[in-house]
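Chains A, B, C and D are the protein sequences, given in the same order.
Following our numbering from start to finish, the first sequence increments by one per residue and tops out at 365.
Following our numbering from start to finish, the second sequence increments by one per residue and tops out at 365.
Following our numbering from start to finish, the third sequence increments by one per residue and tops out at 365.
Following our numbering from start to finish, the fourth sequence increments by one per residue and tops out at 365.
Using N, Cα and C, we set each Cβ at its ideal position, and we do this for glycine too.
Computed from a predicted structure; not experimentally measured.
Contents: one structure, followed by commentary.
Protein chains: 4
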Amino acid sequence: MMKVALLGAGRIGQVHARAITAHSDSELVAVTDVVTAAAEALASTHGIEVRTLDEILADPSIDAVLIATSTDTHSDLIERATAAGKAVLCEKPVDLSLDRALACQARTSASGQPIMIGFNRRFDPNFAALKAALDAGEIGKPELLSITSFDPAPPPVAYVKVSGGLFRDMTIHDFDMACWMMGGAPAGVMAVGASLVDPGIGAAGDVDTAVVTLSWADGRIAVIKNSRRAGYGYDQRLEVLGSKGLLQAENVLENTLTRMTEAGSLRAKPLHFFLERYMRAYELEWAAFLDAWRNKTPMPVTLSDGIRALACAEAATRSQRSGEAVALTPEMMGR
Amino acid sequence: MMKVALLGAGRIGQVHARAITAHSDSELVAVTDVVTAAAEALASTHGIEVRTLDEILADPSIDAVLIATSTDTHSDLIERATAAGKAVLCEKPVDLSLDRALACQARTSASGQPIMIGFNRRFDPNFAALKAALDAGEIGKPELLSITSFDPAPPPVAYVKVSGGLFRDMTIHDFDMACWMMGGAPAGVMAVGASLVDPGIGAAGDVDTAVVTLSWADGRIAVIKNSRRAGYGYDQRLEVLGSKGLLQAENVLENTLTRMTEAGSLRAKPLHFFLERYMRAYELEWAAFLDAWRNKTPMPVTLSDGIRALACAEAATRSQRSGEAVALTPEMMGR
Amino acid sequence: MMKVALLGAGRIGQVHARAITAHSDSELVAVTDVVTAAAEALASTHGIEVRTLDEILADPSIDAVLIATSTDTHSDLIERATAAGKAVLCEKPVDLSLDRALACQARTSASGQPIMIGFNRRFDPNFAALKAALDAGEIGKPELLSITSFDPAPPPVAYVKVSGGLFRDMTIHDFDMACWMMGGAPAGVMAVGASLVDPGIGAAGDVDTAVVTLSWADGRIAVIKNSRRAGYGYDQRLEVLGSKGLLQAENVLENTLTRMTEAGSLRAKPLHFFLERYMRAYELEWAAFLDAWRNKTPMPVTLSDGIRALACAEAATRSQRSGEAVALTPEMMGR
Amino acid sequence: MMKVALLGAGRIGQVHARAITAHSDSELVAVTDVVTAAAEALASTHGIEVRTLDEILADPSIDAVLIATSTDTHSDLIERATAAGKAVLCEKPVDLSLDRALACQARTSASGQPIMIGFNRRFDPNFAALKAALDAGEIGKPELLSITSFDPAPPPVAYVKVSGGLFRDMTIHDFDMACWMMGGAPAGVMAVGASLVDPGIGAAGDVDTAVVTLSWADGRIAVIKNSRRAGYGYDQRLEVLGSKGLLQAENVLENTLTRMTEAGSLRAKPLHFFLERYMRAYELEWAAFLDAWRNKTPMPVTLSDGIRALACAEAATRSQRSGEAVALTPEMMGR
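Dropping the structure here:
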């Protein structure tokens, strides 16, 4: 039985709390949050204790912490938790600053503590099935990857301002997916973006619509399409062209109903909310973390993976501003 | 909080135990089973007590029983439980004998205790969405209903021998679905069947492949297609032609992956096992039972509904043997 | 080069005229019709002559006739044309009277002239692909066939009155398809029908909505669903469950467009008009007739096939009225 | 009746010859080709004359020429034909040289003769339906367009060497489609490409796999994905995200058959050959040219449109080599 403390009791922390308690081999024992009321509400729901961060880190019975706090605290908490001998599952992104994330990697590597970054989409059964088919060689060698990733509606501008920008906040998932599918980091990044959805996002210096092209040293290409708004819901699709065929993961629809009338043949929309769409992925992510911890096998998503995605975001941000391709250097990748 | 005892700790009892314990407003407190080991295993999993049936019925703190025992005990248990003041959720079918089920109805009607029959498919989100669209008039008046209901593989012949036959054991779900969708009992039933899948089923006097046509007094028609075997999984589809269009509920697939190769475009199979396919339906069924009990509203599936489906099964059995249409009489329907 | 005369210049005659002239190995040389204006219009379009039936039959240079006249003339014309040494392609049904069709068969069998009945749907590329997959054993042995065949809108009641009824006029296509797919004639027929679409059809003694169940001597089953109205267009689907899987031929849609909006995901309707849906089938039907004639191989659809479908229609008509299964006897099948 | 001469009797010339002769309001009267045997074969098929180019241009009874010769002759032939008073339908691309095409535009603009460029895909019923839905405002304002355009198999390297490169030869269609859908020329182009399919293509200095991103002055974006090889056939899809929804045009499949077996649910491949896929588009393209000529309305695809697509190809070629975004200047666009 793994004993777990939750750092951060916001929306995503609540999701993880459910996954931790639902798993038969983990037990949620404590929560902390800078917003006391949030911590207390979550503690009450799960019948656990609110404790301070120091108490949690000092408790030798706690095996692992799940970091679901604001992004600017991630690196600090990863460092403190590993120093305290805890296994860590930290939400994405590692940090808004690539330099800070690289420093975190340097400081934690000697600890030997397992660190996993929460790229939950890898655990979605549909994307996982696609990856398995790819690895099984069903379409030969992958050549051209395409990711469609549209949110149903844009976040408040206040959020956008502290988000690190579209590429670090939203595309970060797609960068990880692209590197995971293609088997490594790209050599170069080109990005185009604009503010078409909400002028306030443009005024805040960010974009809400973008296309990012990644190219690998051997010529393979990935393209990511992002929008902060899709009137029909949450659009999460991925396809890979290989030397022998194409693999596609399509959207998950609300139901299987078709209505045929004079207007045509109407099917349901994609699941609208990311928690509905990826709830199973969060459960499987937690199970994978727990399995790796128990079996002392490498974490399925590493801190290096988190840094790699962050380096892509950094490069995309620069490319979108300069209109030039930006190379990913070894320095940007850390170890 | 509803306190619940489970009668029957077999495969379907275990499913219900999970749904009961997962619901925040119900508590599973006891289980009984003629196979002591089964009861003990389930009790251990859920941390509850094994008790005798008499103990359960005598305990005034128990609000409801879920009957998941063998079909030949259903009527007795419904009668005893309602007499003991318990609300009842009983698995389908009510009974293999229509006469016995009618007697059960006569004996329990005065008790005033709520009785619900477990036609779980009504609570499947896809079929429920179709019914809602039908009731909203999206395709006008329903005229022609079609149900495709194929199992992945036939049960053992030993099971078939005590099952009451295909129409009472398997088609019973489809009869309820047809009556529910069309809004009442049919006037006549015609059935054709054969043993094509397993000669042992034929030798046991049953069929494994069948088509049943139901006709309503106003001319509307439903057709049910059944097979005990579908090489590709569990095929559960339904469509209704109305005066203005068609509604279809399609299968739920294992994932959303498509593989395009020289062979063509390959998608995943339907979910193979009925528990995977209908797990959410069992949860929603339990929630609906609990809501009706708490709010003292009519049960969403009544004992009369169970009898109506059983009468259809009786008529189909006779029609398949005689080659003639069989009328459903008021006597067959009870109250 | 096959020289062809067209008997009947109505809507379906015009379709055949186009198919005949479009084929590089056949030449349309003459047309006749009791409505002179119709014959003249068609002759003018194709630059051919209007002639009398006698002139056509007496002309030794004419190799074949295509019979597209009213159904009550089919048997006579088949007899006269074969007696005159012409190959015959005759529209369905052979006749409204099974007895008359059987007499026609008896009278023409000695002629040795090739006779093909125009069950065009066999030549639809989608149904033909399904048949090829069935014959290739892709789903093992066929067990349960299902045909959905709905017209977009009912014909005028005046037409219904002379049509021979739904089973002879509309289901006739589906009977042929069922026999072709299952490889022979059924042993018994059960039919249920009602007038739900147009009360005038009921007043005329016919039904507009029906389900027909065919059963073969070895237990295999087919079910046909018919309606004279489908608000969304022309619904033509077929599926076969076999011992190893399922084959489905789905509708042909107007285009491949999908619209995803708040309302859901909207695709186009099926092709609405039978000539659009089956135009390619008419061309391929003609090519198959011409090939068989040229190569002196058996016609792909024989007069016996036409009689078999008519016998099914006869049996369905009786069953729908009596509420009993009707057996197909050898007498009803002719040779 | 429009009298037409065909310049070029190769594969695409033969396609146009069929479309011209199939149309009831046009007559193919002559053909010319530098390969005499090709001209003679086509003339024989259609029962027309082989003439020299000079004879064709000198014949005042000829209304129009269809230019289907090698690309390097297009500009010359457009200039000569318009000077001779002929209407022109010229295959894409206008020229491999943007400068030469601009000169052609300057020299022909005074002639007043109608010139249409053969971007046949605009006339595909599926893409045309998408454009109509876009123009009708069904998804609000278009923001992000995505084109997937993969050939079944790469052409011979010898062809690639004289093709002008992937962007001028293959992407040219997609550039036109993007400009047409988005309503004007983009402001900037970024391209990434590699030779992954055939090393010979790379050795010839070209790419066979590419992603091109176009951005408009108002921020809207289009992305084009190209590959010279798709193991499953000819992949031609397009989707547009707008402020209120998404429009998708999907592939046209070989048939509507689905095979459900243990392996999954298998549908047919996309139509494999561009002539099958776009045959209807060629017919409708010809009809649109003829209508515009007859009604003296503007051509639906102008020489300016051809130059616009060529300017995109030029910019993409430069961007792919330099790794920088390339702006489209007014000079590149001509008038």
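Segment contact: the region 281-296 of chain A against the region 278-293 of chain B, three or more CB-CB distances shorter than 8 angstroms; contact assigned. Taking each of B:Arg348, B:Trp316, B:Pro330 and B:Met362 in turn and checking the Cα distance to Ser56 (chain B), the smallest one comes out for B:Trp316. Distance from the CA atom of His53 (chain D) to the CA atom of Gly77 (chain D), rounded to whole angstroms, is 16 angstroms. Going by DSSP, Ser179 (chain D) is part of the beta strand (DSSP E) stretching over Pro172 to Phe180. Ranked by Cα distance from Ala215 (chain D), the options D:Arg297, D:Ala163, D:Leu305 and D:Thr359 are led by D:Thr359.
Remark: three or more beta-carbon pairs, one from each stretch, lie closer than 8 angstroms, so the region 114-130 of chain B and the region 87-101 of chain B are flagged as touching. Taking 9 angstroms as the cut-off between beta carbons, the residues of the region 221-237 of chain A near chain D are Ala221, Val222, Gly223, Ala224, Ser225, Leu226, Val227, Gly232 and Val237, in sequence order. Inter-segment contact for the region 314-331 of chain D and the region 327-346 of chain B is absent: fewer than three beta-carbon pairs are separated by less than 8 angstroms. At least 7 angstroms separates the CB of Ala279 (chain A) from every CB of chain D.
For Lys326 (chain A), the secondary structure class from DSSP, reduced to helix, strand or coil, is coil.
With at least 16 other beta carbons inside 10 angstroms of its own, Thr243 (chain B) counts as buried. Between Tyr262 (chain B) and Arg307 (chain B) a beta carbon distance of about 13 angstroms is seen, past the 8 angstroms cut, so the two are scored as non-contacting.
Around the beta carbon of Glu173 (chain A), 16 or more other beta carbons lie within 10 angstroms, which makes this residue buried.
Counting along the chain, Leu126 (chain B) sits inside no beta strand (DSSP E), nor does DSSP assign it H or E at all. Nearest C-alpha to Ser273 (chain C) among B:Ala111, B:Gly170, B:Ala183 and B:Ala163: B:Ala183. Against chain A, the CB of Thr239 (chain D) has a partner CB under 7 angstroms away; the residue lies at that interface. Taken through DSSP and simplified to helix, strand or coil, Glu280 (chain D) comes out as coil. Close partners of Arg297 (chain A) in chain C (Cβ separation under 7 angstroms): Gly294 and Ser295. Each of A:Arg258, A:Val270 and A:Glu109 was checked against the Cα of Ser179 (chain A), and the nearest Cα belongs to A:Arg258. Relative to Ala67 (chain A), the option among A:Ile50, A:Thr103 and A:Gly38 whose CA is nearest is A:Gly38.
Excluding its 5 nearest sequence neighbours in each direction, Asp63 (chain C) has C-beta neighbours in its own chain below 7 angstroms: Gly38, Ala39 and Ala69, listed in chain order.
The Cβ of Tyr262 (chain B) sits closer than 7 angstroms to at least one Cβ of chain C.
For Met146 (chain A) against Leu119 (chain A), the beta-carbon gap comes to about 5 angstroms, under 8 angstroms, which counts as contact. By the criterion of at least three beta-carbon pairs nearer than 8 angstroms, the region 290-297 of chain A is in contact with the region 292-308 of chain C. Looking only at C:Ile202, C:Met32, C:Met207 and C:Val253, the smallest Cα-Cα distance to Leu160 (chain C) is reached by C:Met207. Three or more Cβ pairs closer than 8 angstroms define a contact, and the region 223-242 of chain A falls short of that threshold against the region 151-171 of chain A. In this structure, DSSP gives Asp165 (chain D) a helical state, which the three-state scheme calls helix.
Secondary structure at Ile78 (chain A): coil, using DSSP grouped into helix, strand and coil. In this structure, the straight-line span from the alpha carbon of Val80 (chain C) to that of Arg351 (chain B) is close to 59 angstroms. Between Ser225 (chain D) and Asp238 (chain D), the C-beta gap is smaller than 7 angstroms, which places the two residues in contact.
Separation of Arg110 (chain D) and Asp236 (chain A) (C-alpha to C-alpha, rounded to the nearest whole angstrom) is 53 angstroms. Put simply, the CB of Glu173 (chain D) is near chain A, with a gap under 7 angstroms to one of its CB atoms. Taking a beta-carbon distance threshold of 7 angstroms, Gly167 (chain D) does not count as an interface residue toward chain C.
Within chain B, Thr286 have C-beta atoms less than 7 angstroms from the C-beta of Val282 (chain A), given in sequence order. In terms of Cβ geometry, Ala49 (chain A) and Leu72 (chain A) do not form a close pair [threshold 7 angstroms].
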